[in-house]
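First to last, the protein sequences are chains Y and L.
Residues 1 to 289, numbered by the working numbering, are exactly what the first sequence covers, in order.
Residues 1 to 296, numbered by the working numbering, are exactly what the second sequence covers, in order.
Where a beta carbon is used, it is the ideal one built from N, C-alpha and C, also for glycine.
Being a predicted model, the structure only gives us computed values, none of them experimental.
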Amino acid sequence: MDVTAVAPVGTGVAAGNRWRRRLRSFGFGLSVLAIVSPAILVFLWMLSLSLKNEIDNLSYPPVFIPAPPTFNNFVQVFAENSMGLYFWNSVVVSGGATLIALAVGIPAGYGIARAQAHKLTILILIARMTPALSYLIPLFTVFQFLGLNNTLTALVITHLVITVPIVVYIMAGHFETLPKELEEAALIDGGSVWTSFRYVALPLARPGIVVGTILAFIFSWNNFVFGAVLAGRATRTLPAAVYNVLTFEQLAWGPLAAAALVVTVPVLLLTVVIQKEIVAGLTHGGIKA
Amino acid sequence: MAASARPGFLARRHRSYYYFALPALVVVGIVIIFPWLFTVWMSAFDWKIGSVAHFVGLDNYAKLITNQRFIESIVHTFYFTLLAVVVPLVLGLVAALIFHREFPFRGVLRAVFTMPMMATPVAVALVWTMMFHPQQGVLNYLLSLVGLPPSLWVYSPTWVIPSLVLVEIWHWTPLVMLIVLGGLAALPTEPYESARMDGASEWQLFRYITLPLVAPFLVVAAVIRTIDALKAFDTIYVISQGGPGTASETINLYLYLQAFAFYNVGNASAVVVVFFAMILALALLLLYVRERAKWT
């Protein structure tokens, strides 16, 4: 008797708990949705704008799903506004600045890590605090003097302001984590400091180099103001071109959104590829140009 | 061992390690340190590009003190910075607490959540400009869905800075989340177990264990956010150009106009020096607060 009397009460409590748990995980799911949706919705809206014709883009209430989607905006941007040229400029500038940064930054990171010269990283932190415009004014006047304004060379040099600190900082941090014993063995065997760097430390540092390369490239790619000030008509980088050439006065929303998408998609792809490493690299020192 | 056997070995080695940093130091000297020094030097001159420079000593600085527009730009900058630091810190903390839990598709959703932070600011700013449009913008449509009156967004002197902060929040909350998430991952589990046994509520666990333990990470995030918010340029320049009027003209925007619209290099350099001093002072202040917080 006792057992049967207790049993219904027991299942009632269990059911209540189950309901409460379900309600809770439902609420949790809602909060996940709430924090993730702004991130995804802005990109989806960008995509939607770029795939719609102008009538749909300017209609109110807004048309959310392009029906049917059109690629005319992309065609227009590339055919009439030399997006291809600007894209290539960006590749040259960010690629060049990243390569130079790797050439000088990898050995520097190694030197700082092995000489325990942490005071040199303070320099990088101060550089991180300096507003980009304060590099631009002196460099602009010097380039003016040298006749380098409006050239890709000037842009590559200026972008070193972004790429070198990132590479040095990430490489210094990475070499710190590598064991010294292997290098010491190489030194004791009669190798020079250079050979122990070149044949022992460098091959082990590949993951750090990948992160440094991609972050330096992304932040250089994203930079707007250097290109906006220093570039001429034919040497603009993508972000500068998107703002200066493809203005709201000349172009409709569709092509603008298409151009914006062309600028940012390469970066988002890179981000996805090395998601985990980027997270580690960024949180390590909060490095950002 | 090798070092004690041969005195000077280690010291010699250390010196040769410095040579590795030499090429980078040359580059940094040219593109970073030279501009710093040149800026300070130029700030002592009355100089427009294309004309002759006159030495004026501290005159450029003296003029800034009475420059109404510059003072206003400082006020705008601090208003913008305050909002653009506090809101992402709160939201980033909440997001980190959420992503600290286990749930399906956590990795994918975290990747999606961090996407804004890597997106090209100018590209995103263009899309936000379209979203802010008072007549055809999607934001006013969303407001109308929940029964709110339409806003002028960046076209209103009152709302332009909060609207720009909205973009900044969207962009940089993920960075705060990642920093705090790193802190949460390093938390010990013992205090939670014993507190649970003592019957502590979820709120008490958060308030008395989690929050104090992640506080140092929040300070780091606050320092980075403060520096970045003070330095914000791209989105403001693209979306509002400092307008309407000068309602959203921050120090950086004022600086840009002085340097590259009026070519007032001397004056702009003085602004840079003052601006940098402010950034440094605020960063040091926050780090000082962190040190103090450690002692108590």
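Does the separation of the CB atoms of L/E168 and L/T77 fall below 8 Å? no
Residue interval of the alpha helix (DSSP H) (run including Y/E176): L152 to T177
Could you pull out every residue in the same chain whose Cβ sits closer than 7 Å to the Cβ of Y/F78, ignoring the five residues on either side in sequence? G84
Using a Cβ-Cβ cut-off of 8 Å, state whether L/L126 counts as contacting chain Y. yes
What three-state label does DSSP hand L/D297 in the structure shown? A question about residue 297 of chain L goes unanswered here, because the residues of chain L that appear run from 1 up to 296.
Looking only at its chain, what residues have a beta carbon closer than 6 Å to the beta carbon of L/N267, apart from the 5 residues adjacent to it on each side? N60 and Q258
Looking only at its own chain, which residues have a Cβ that is under 6 Å from the Cβ of Y/N53, when we skip the five neighbours before and after it? T70
CB of Y/I124 within 8 Å of CB of Y/V168, strictly: yes
Buried or exposed: L/T250, going by 16 or more other Cβ atoms within 10 Å of its Cβ? buried
Quickly, what does DSSP pair L/D46 with across the bridge? List them, please. L/H54
Relative to the C-alpha of L/I30, which residue among Y/S82, Y/G27 and Y/T158 is closest? Y/T158
Give, in chain order, every residue of the segment 41-68 of chain L whose Cβ lies closer than 8 Å to some Cβ of chain Y. M42 and I49
The segment 214-227 of chain L touching the segment 165-179 of chain L, judged by at least three CB pairs closer than 8 Å: yes
Residues that L/T250 contacts on chain Y, provided the C-beta gap is smaller than 9 Å: Going along chain Y, no residue has its Cβ under 9 Å from L/T250, so there is no contact; the nearest lies around 10 Å.
Spatial neighbours of L/V122 within its chain, please: CB distance less than 7 Å, with the 5 preceding and 5 following residues excluded, ordered by chain position. D234 and V238
Quick one: any contact between the segment 199-213 of chain Y and the segment 100-112 of chain Y, if contact means 3 or more CB pairs under 8 Å? yes
DSSP on L/N264, reduced to helix/strand/coil? strand
Span of the alpha helix (DSSP H) holding Y/Q144? L133 to L146
State the Cα-Cα distance for the pair Y/K276 and Y/F140, rounded to the nearest angstrom. 37 Å
Three-state secondary structure (DSSP) at Y/F64? coil
Y/F224 versus chain L: which residues are under 7 Å apart at the beta carbon? P121, V122 and D234
Contact criterion: CB-CB distance below 8 Å. Does Y/I35 meet it with respect to chain L? yes
Candidates L/L285, L/V40, L/Y19 and L/A277: closest to Y/I137 by CA position: L/V40
Flag Y/S94 as yes if its beta-carbon sits less than 8 Å from any beta-carbon of chain L, otherwise no. no
Closer than 8 Å by C-beta to L/F113: which residues in its own chain qualify, once you throw out the five before and the five after it? Chain order, please. A95, F99, P174 and M177
If we call anything under 8 Å between Cβ atoms a contact, is L/V28 one with Y/V156? no
Please list the partners that L/V27 has in chain Y, where partner means a Cβ-to-Cβ separation under 7 Å. V104, L160 and V164
Buried versus exposed call for L/E330 [16 or more other C-beta atoms within 10 Å across all chains shown]: Limits of chain L in this structure are 1 at one end and 296 at the other, which puts residue 330 of chain L out of reach.
Who are the neighbours of Y/I218 on chain L, taking C-beta pairs under 8 Å? M118
If Y/Y135 sits next to L/P35, beta carbons under 8 Å apart, how far is it from one beta carbon to the other, in whole angstroms? 5 Å
Neighbour list for L/L255 in chain Y, Cβ cutoff strictly below 7 Å: L133
Let me see if you follow: with CB-CB separation under 8 Å, is L/V85 close to chain Y or not? no
So, helix, strand or coil for L/P35, using DSSP? helix
Any contact between the segment 187-199 of chain L and the segment 148-159 of chain L? By contact I mean 3 or more CB pairs, one from each, below 8 Å. no
Check whether the Cβ atoms of Y/S94 and Y/S196 sit closer than 8 Å, and answer yes or no. no
Candidates Y/L269, Y/P131, Y/W253 and Y/Q116: closest to Y/F74 by CA position: Y/W253
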